[in-house]
Amino acid sequence: MDEAPGLSDQYRTASPWPVFIALGIPISELGLLFGLFPLAVGGLLLFGGSIVGILKESGYVTSTIRAVSALAAVLFVFGVALAFTDIALVTRGYAVIAAAILLVVGGVVFELFVRDQRQAF
């Protein structure tokens, strides 16, 4: 009797990214809802990094820096809309803008680290 029917060595194991996406959304929502700046930024970083990770793992993007930049641009526009329009959710808008900036910085650092690792081998 086969212990794992339908599975073989040709299939990859399960991806960890959906769990982090599922955690990033409520963490960021709690931070944005209650105006908790660090919680909102951390949740958005977890959510954004996981989205880029799952896109890279599944092969939809070849460069992580472009995916991070596109996601950060969307977050930046959303943050500016929250902070500087009539909605007037300034602290929440600043949290989203900070998360967008940190995503780009993290993406650049990751890209440089991966490039250095590739050249070492």
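Per UniProt numbering: the sequence shown = residues 1 to 121. Each residue gets a CB set at the ideal place from its N, CA and C atoms; glycine is no exception.
Proximity of residue i and residue j at Cβ, strictly below 8 Å
i: L75; j: L39; result: no
i: A88; j: L44; result: no
i: T91; j: F37; result: yes
CB contact below 8 Å: residue i versus chain D
i: P18; result: Although the question refers to chain D, the structure presented lacks it and comprises just one protein chain.
Which of helix, strand or coil DSSP assigns to residue i
i: Y60; result: coil
i: I87; result: coil
i: V39; result: The displayed chain sequence assigns Leu, not Val, to residue 39. Reduced to three states, the DSSP call for L39 is helix.
i: P18; result: helix
Outcome for residue i when other beta-carbon atoms lying within 10 angstroms are tallied against a minimum of 16
i: G93; result: buried
i: V114; result: exposed
i: A95; result: buried
Pick from the options that is closest to residue i, judged by C-alpha positions
i: S50; options: G35, S15, V77, F34; result: S15
The region 61-69 contacting the region 16-36, beta-carbon criterion three pairs below 8 Å: no
With three or more beta-carbon pairs closer than 8 Å as the criterion, would you say the region 11-27 touches the region 71-82? no
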